[in-house]
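Since the structure comes first, as structure tokens, the remarks are kept for the end.
Numbering (mature numbering (1 follows the signal peptide of the UniProt record, and there is no 0)), first residue to last: -22 to -1, 1 to 247.
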């Protein structure tokens, strides 16, 4: 009996020590998953800081939840690991061009949306021949490997079009030089992503501004964490009302901010 009591005491002490270690070792950080490689949305800067619309939303929401400065930690989230990061507790929330879908809502919870966009088209500023998705049927288009955006065009125009007109690169950043050098006529994906890349080269590109899909960007949290979700929703609505959302749009999308002028309605479920 004495051995069992001593063992129980040791276990309790270890648990307490582990708890203290967790608190002092960074569990008091508010960890947010963002993209590190998307200009205008989530991009890690050479000095280690982060910049973009998603970053501004993340910092605003974190502040409303009581976390600022070194209490906020950003963790790189790519499309393939966003759900697992949330489910495994590696992050407190994900803000990473994360479209709200019915399938994803079965796995995680969403606050927002904080932005609504859609698949659009980027052309050279002096090209007036492309003004809608239908104009792409005989144009060379660049897309990213693994993205759903090229597939949407293939579904519309067919496999023969794909073989003749579609070029796929590892990322949309690799498409920009092809567009600038007239090796392709257009790039097509979410308007926000196109705007983010295009703002790096002012005056060179034109966003058509006629999206042909709808993407609602949400903030991912654990599936059953309704309390945090509601707090985030309240923070997002405050950001809409106090002008911070519009300020972030203008700061990150530059001349293309005119395409994102109206904040969406937050959806509660």
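C-beta atoms are modelled at their ideal positions from N, C-alpha and C, and glycine is treated no differently.
Taking every protein chain shown into account, the CB of residue 230 has 16 or more other CB atoms within 10 angstroms, so this residue is buried.
Between the C-alpha atoms of residue 110 and residue 148 there is a straight-line separation of about 25 Å. Rounded to whole angstroms, the gap between the alpha carbons of residue 142 and residue 198 is 38 Å. Contact between the stretch 15 to 33 and the stretch 205 to 216 is not established, with fewer than three Cβ pairs separated by less than 8 Å. In the structure shown, residue 97 falls within a strand segment according to DSSP collapsed to helix, strand and coil.
Comparing alpha carbon positions, the residue from 206, 139, 118, 83 closest to residue 102 is 118. DSSP assignment within the stretch 155 to 183 yields the following whole alpha helix (DSSP H) runs of 4 residues or more, N-terminal first: 169 to 176.
Here DSSP, grouped into helix, strand and coil, assigns residue 214 to helix.
Non-local beta-carbon contacts of residue 188 in its own chain, meaning distances under 6 Å to residues more than five positions away in sequence, involve 110 in chain order.
For the 9 Å CB-CB criterion, residue 164 and residue 154 do not form a contact. Taken atom to atom, the span from the alpha-carbon of residue 235 to that of residue 39 is near 21 Å.
When the alpha-carbon of residue 7 is set against those of 47, 27, 13, the nearest one is in 47. Inter-segment contact for the stretch 215 to 228 and the stretch 127 to 135 is absent: fewer than three beta-carbon pairs are separated by less than 8 Å. The three-state secondary structure of residue 45, taken from DSSP, is coil. For residue 108, the number of other beta carbons within 10 angstroms of its own is at least 16, and it is reported as buried. About 5 Å separates the beta carbons of residue 36 and residue 10, which is inside the 8 Å limit, making them a contact pair. When DSSP states are grouped into helix, strand and coil, residue 15 belongs to the strand group. In the DSSP assignment, residue 147 falls within the unbroken beta strand (DSSP E) covering 144 to 147. In this chain, the beta strand (DSSP E) harbouring residue 199 covers 193 to 199. The beta carbon of residue 191 sits closer than 7 Å to those of 96, 97, 130, all from its chain and outside the five residues before and after it, given in chain order.
Annotation for residue 233: no alpha helix (DSSP H) segment contains it, and DSSP assigns it neither H nor E. At a Cβ-Cβ threshold of 9 Å, residue 12 and residue 194 do not count as neighbours. Judged by DSSP in its simplified three-state form, residue 64 adopts helix.
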